[in-house]
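S.K.:
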Amino acid sequence: MKNLFKLFIAALIFFGVKTQAQPQSPKLENSLLWEVSGNGLSKPSYLYGTIHMICSSDYFLTDKTKKAFESSEKLMLEINFSDPKEMSQMQQLAMGKEPLSKKLTTEQLAKLDDILKKNNRNDSKTS
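Numbering (the working numbering), first residue to last: 37 to 163.
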């Protein structure tokens, strides 16, 4: 058992040193734009994460994102915006089957109402 413990500690030290020696990668948890390149691809492709709900004052496209869109030959979306039936189905899915008033408590509804009123005031100031 002592040998197993020593092996475990040695492995932790080895892998800890190895990961510390590797160059730090940039933080990607907030990235919406991803480039797919290499492995025989002649041109890069891009994947852009979706933003389903965002305040207008928080919405922006970086210069890198704008350049990627401008240099693209095709744009593929998660839904077909030219199909009214598909658009309607997606809107119904987004809305849910029951209203928030049946899902949230009175306190939660009041808090949501305050947040929405505050954001509405902020949006009208920036528009």
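For every residue, glycine included, the Cβ atom is placed at its ideal position computed from N, Cα and C. From a predicted model like this one, the values you see are computed outputs, not experimental measurements.
Compute the beta-carbon to beta-carbon distance between alanine 69 and threonine 101, rounded to the nearest angstrom, for a pair I have assumed lies under 8 Å.
M.R.: As a position in the sequence shown, residue 69 is number 33, starting the count at 1. As a position in the sequence shown, residue 101 is number 65, starting the count at 1. Looking at the sequence itself, residue 69 is leucine, so the reference to alanine does not match. Their Cβ separation, rounded to whole angstroms, is 5 Å, which keeps leucine 69 and threonine 101 in contact under 8 Å.
S.K.: Between the Cα of leucine 152 and the Cα atoms of Tyr82, Ile90, Ala130, Gly85, which residue gives the shortest distance?
M.R.: Walking along the sequence shown from the start, residue 152 turns up at place 116. Per the Cα distances, Ile90.
S.K.: Which term fits alanine 104, buried or exposed, when burial requires 16 or more other beta carbons within 10 angstroms of its beta carbon?
M.R.: The residue labelled residue 104 in the question sits at position 68 within the sequence shown. Buried, by the Cβ-count rule.
S.K.: By alpha-carbon positions, which one of Asp150, Glu109, Lys139 ends up nearest to lysine 79?
M.R.: Indexing the sequence shown from 1 puts residue 79 at position 43. Nearest of Asp150, Glu109, Lys139 to lysine 79, Cα basis: Glu109.
S.K.: Grouping DSSP H, G and I as helix and E and B as strand, with all else coil, what is glutamate 71?
M.R.: One-based indexing of the sequence shown puts residue 71 at position 35. In this structure, glutamate 71 counts as strand in the three-state DSSP scheme.
S.K.: Going by the DSSP bridge assignment, what does tyrosine 82 pair with across the sheet?
M.R.: Position 46 of the sequence shown holds residue 82. DSSP lists Glu71 as partners of tyrosine 82.
S.K.: Give me, in chain order, the residues of the same chain whose beta-carbon lies closer than 8 Å to that of phenylalanine 117; leave out the 5 immediate sequence neighbours on both sides.
M.R.: Within the sequence shown, the letter at position 81 stands for residue 117. Result list for phenylalanine 117: Met123, in chain order.
S.K.: Could you pull the start and end residues of the alpha helix (DSSP H) that serine 99 belongs to?
M.R.: Numbered from 1 along the sequence shown, position 63 holds the residue referred to as residue 99. At residue 99 the sequence reads aspartate, which differs from the serine that was named. Note, aspartate 99: alpha helix (DSSP H), 99-107.
S.K.: For the alpha helix (DSSP H) holding asparagine 124, just list the boundary residues, first then last.
M.R.: Taking the first residue of the sequence shown as 1, we reach residue 124 at position 88. The question names asparagine, yet the displayed sequence has serine at residue 124. Note, serine 124: alpha helix (DSSP H), 120-131.
S.K.: Given glycine 85, which residues of its chain have a CB within under 7 Å of its CB, disregarding the five upstream and five downstream residues?
M.R.: If you number the sequence shown from 1, residue 85 lands on position 49. Excluding residues within five positions, the ones whose Cβ falls inside 7 Å are Leu68.
S.K.: Which class does leucine 152 belong to by DSSP, given the choice of helix, strand or coil?
M.R.: Within the sequence shown, numbered from 1, the residue matching residue 152 stands at position 116. Three-state DSSP puts leucine 152 in a helix.
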